[in-house]
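*Asks:* These protein sequence lines map, in sequence, to chains A and B. Under the numbering used here, think of the first position of the first sequence as 14, with each following residue one higher. Under the numbering used here, think of the first position of the second sequence as 14, with each following residue one higher. Dropping a structure here in C-alpha cells format, bear with me for questions.
Number of protein chains: 2
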Amino acid sequence: MRLSTRGHYGLKAMFYLATRYGAGPIPLKNVAEMQNISEHYLEQLIAILRKAQLVKSVRGAQGGYILARSPEEIRVGEIIRVLEGPIAPVECVSELKTAECDQADFCITRTVWERVRDSIVQVLDSISLADMCRDKEKNQQGKE
Amino acid sequence: MRLSTRGHYGLKAMFYLATRYGAGPIPLKNVAEMQNISEHYLEQLIAILRKAQLVKSVRGAQGGYILARSPEEIRVGEIIRVLEGPIAPVECVSELKTAECDQADFCITRTVWERVRDSIVQVLDSISLADMCRDKEKNQQGKE
DNA sequence: CCAATCCATACTGTTTTAGTCGGGATTAAA
DNA sequence: TTTAATCCCGACTAAAACAGTATGGATTGG
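Now the structure itself:
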C-alpha cells in the first residue's frame, strides 16, 4: 500500500517550487539539495511534470523551473496522478477504465476498494500547494 | 499507489470464508475456484493469515479453512495489515515506527501523507467481513 | 566563449511480484 | 489398511518495477 518515491519526491519538489513562487526560475540543483534527492533522478521526474505542463522550464544559465500555474491552482492529486498514474488501490477500481473485471457486479470486495479510492482522492484533491505553503508558515510561526 | 495482489486476493478469500461461516471447513480449492486465484499461490497467502490467527485450518480429507473469529469481529484493515504490512502511503508515515525522517518537523509533505493514511485507515477499519456479507445479501435481493 | 543549466537516452543492480514446482504430513472414509 | 483429499513447507523463477547512474548534447546569460 505504497506510493513509489516518484510521487513522494515529486510532491516535495513541487512544494519547494511553490514556496519560491514568484522568485523566478529555480535551478533543479537547489530543489534536489533542499529536499535531499538525487539530482539526476529528480531530473527524470521533473521531465514528467514538465510534459504534463505542471512546471515550465527556462533553459540556459540562470535557468530553472517555475510552476506553470499559481500554487493556489495546483492540487496535490494532480501531481500524484501525473507521476503515479490514476489513483487505484487495486487495478479493477482505477479512476479510469472501469469494469474489465469479470465479476464487476457481484464483487463485494470491489466496493471496499472503491471506498478506499474515493477517500484518498478526496484528501489529495482537497489540498493545493498554496494550502501546504500556509501550513508551513503556521508551523514556522510556532517555532520563533 | 497500489495494493499488491496479496491484499486483493487475501480479502477475497477471507470474504468467501465469511460467506460460508458456520458451514464447517472450506477447502482452499473451492476458495481458489470461486475467486479465480491460483490455488498454490493462495496457499502461501493463507499461510500468512493462519500464522496471524485470522483463520484456522483443519487438516486431512474433508479439511479446509475456517475464520478464526466471527465475521463481525474481523475488520478489513486487519487483513490488509497482515498481508501488506502497516498502512503507509510513504515509508516515513508508517503506522508503526514514526520519525526516522530527518526533517520530521519541517516536512509539510509529510502531513499530506498522514492525512491520506488516516483516511485509508478510517475506511478499512470501519468495514467488517460481516458488513461485506450484508452488502452481498442486499445486492442479491435486488437481482431476484 | 564558457559555465550553468536543462534535455534525452541508455544502462544497471536490487527488490518485489506473482507465481510454479515438488514433495511431505495428516486424516476421513472406503 | 489403503486411498484420496486436504493442508504444509521450502525452493525456485521469470518478469516487472524501482531507484537510481552514466554520458553526452542543447541552450543561453554574462
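Idealized CB from N, CA, C, for every residue including glycine.
In chain B, what lies closer than 7 Å to residue 138/A by C-beta?
*Replies:* None at all; the shortest Cβ gap to chain B is about 11 Å.
*Asks:* Would you call the CB atoms of residue 140/A and residue 89/B closer than 8 Å?
*Replies:* Result no, Cβ atoms of residue 140/A and residue 89/B do not sit closer than 8 Å.
*Asks:* Just the Cα atoms here: how many angstroms apart are residue 46/A and residue 93/B?
*Replies:* Computed Cα separation, rounded: 36 Å.
*Asks:* Using only the alpha-carbon positions, how far apart do residue 62/A and residue 67/B sit?
*Replies:* Taking the straight line from one Cα to the other gives about 43 Å.
*Asks:* Given that residue 145/B touches chain A, what residues does it touch there, using C-beta distances under 9 Å?
*Replies:* What residue 145/B touches in chain A: 121, 122, 124 and 125.
*Asks:* Does residue 65/A have its Cβ less than 8 Å from a Cβ in chain B?
*Replies:* Answer no: the Cβ-Cβ gap between residue 65/A and chain B never drops below 8 Å.
*Asks:* With a cut-off of 8 Å, does the C-beta of residue 129/A fall near any C-beta of chain B?
*Replies:* Yes, its Cβ sits closer than 8 Å to a Cβ of chain B.
*Asks:* Using DSSP bridges, identify the partner residues of residue 80/B.
*Replies:* DSSP output for residue 80/B lists 68/B as bridge partner(s).
*Asks:* Which of the three DSSP states, helix, strand or coil, is assigned to residue 132/B?
*Replies:* It is helical.
*Asks:* Quick one: which residues of the region 80-109 of chain A get their C-beta closer than 8 Å to a C-beta of chain B? List them in chain order.
*Replies:* If the cut-off is 8 Å between Cβ atoms, the region 80-109 of chain A has 89, 93, 97, 98, 100, 101, 102, 103 and 104 near chain B.
*Asks:* Of all the options 152/A, 48/A and 132/A, which has the alpha carbon lying nearest to the alpha carbon of residue 100/A?
*Replies:* The option with the nearest alpha carbon to residue 100/A is 132/A.
*Asks:* Can you give me the C-alpha to C-alpha distance between residue 29/A and residue 23/B, rounded to a whole angstrom?
*Replies:* Straight-line Cα distance between these residues: approximately 39 Å.
*Asks:* Determine, using beta carbons only, whether residue 132/A comes closer than 8 Å to chain B.
*Replies:* At least one chain B Cβ lies under 8 Å of residue 132/A.
*Asks:* Spell out whether any CB of chain A is found under 8 Å from the CB atom of residue 158/B.
*Replies:* In the structure as shown, chain B starts at 14 and stops at 157, and residue 158/B therefore has no counterpart that could be examined.
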